[in-house]
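In case it helps, this note's numbering puts the sequence shown at residues 5 to 119. Cβ coordinates follow ideal geometry from the N, Cα and C atoms, glycine included. Written out below as structure tokens is the structure these notes cover.
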Amino acid sequence: QVQLLESGGGLVQAGDSLRLSCAASGLTFSRYAMGWYRQAPGKQRELVATITGVGRTNYADSVKGRFTISRDNAKNTVYLQMNSLKPEDTAVYYCNAYYYVTNYWGKGTLVTVSS
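In structure tokens form, the structure reads like this:
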């Protein structure tokens with residue numbers, strides 16, 4: 005059974021930093037591209053960042069230069085380092101694992117950025 009468990013969310017002030025973690029189990033982690041998505045209240049879920057099994061990354065324009073995605077294949081974990089947080093970054097952040105047509109989601113972790 006595949007599980008993606010996010011952690012690291014919380015309440016911070018604008019300008020602060022947070023690091024999200026997503027621990028994966030039940031899959032061959034290194035085969036999967038991993039991603040972070042977010043959903044703000046009343047909005048659709050949107051891509052934040054992705055990383056392939058070999059470390060190629062992609063970012064939404066809104067987070068480029070502030071967020072960094074990374075992975076540790078030995079620990080089956082993907083991270084999202086978020087710096088210079090803004091109130092508009094407030095959302096539930098979801099971890100995603102995908103490999104061809106196989107797609108898994110975590111339950112999310114809430115990040116709230118106060119102004």
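Would you list the residues sitting across from GLU92 in a DSSP beta bridge? Answer is none; GLU92 lacks a bridge partner.
If you reduce the DSSP assignment to three classes, tell me which class ARG42 lands in. strand
Can you find the residues in the same chain that come closer than 7 Å, C-beta to C-beta, to THR94, ignoring five residues on each side of it along the sequence? Around THR94, the same chain offers ALA44, VAL115, THR116, VAL117 as residues with beta carbons nearer than 7 Å, after the five sequence neighbours per side are excluded.
Looking only at its chain, what residues have a beta carbon closer than 7 Å to the beta carbon of ALA27, apart from the 5 residues adjacent to it on each side? LEU9, ASN80, THR81
Cβ distance (whole Å) where TYR97 is taken to contact TYR36 below 8 Å: That belief does not hold up - the Cβ atoms of TYR97 and TYR36 are roughly 18 Å apart, past 8 Å.
Which residues mark the beginning and the end of the beta strand (DSSP E) in which VAL82 is found? 81-86
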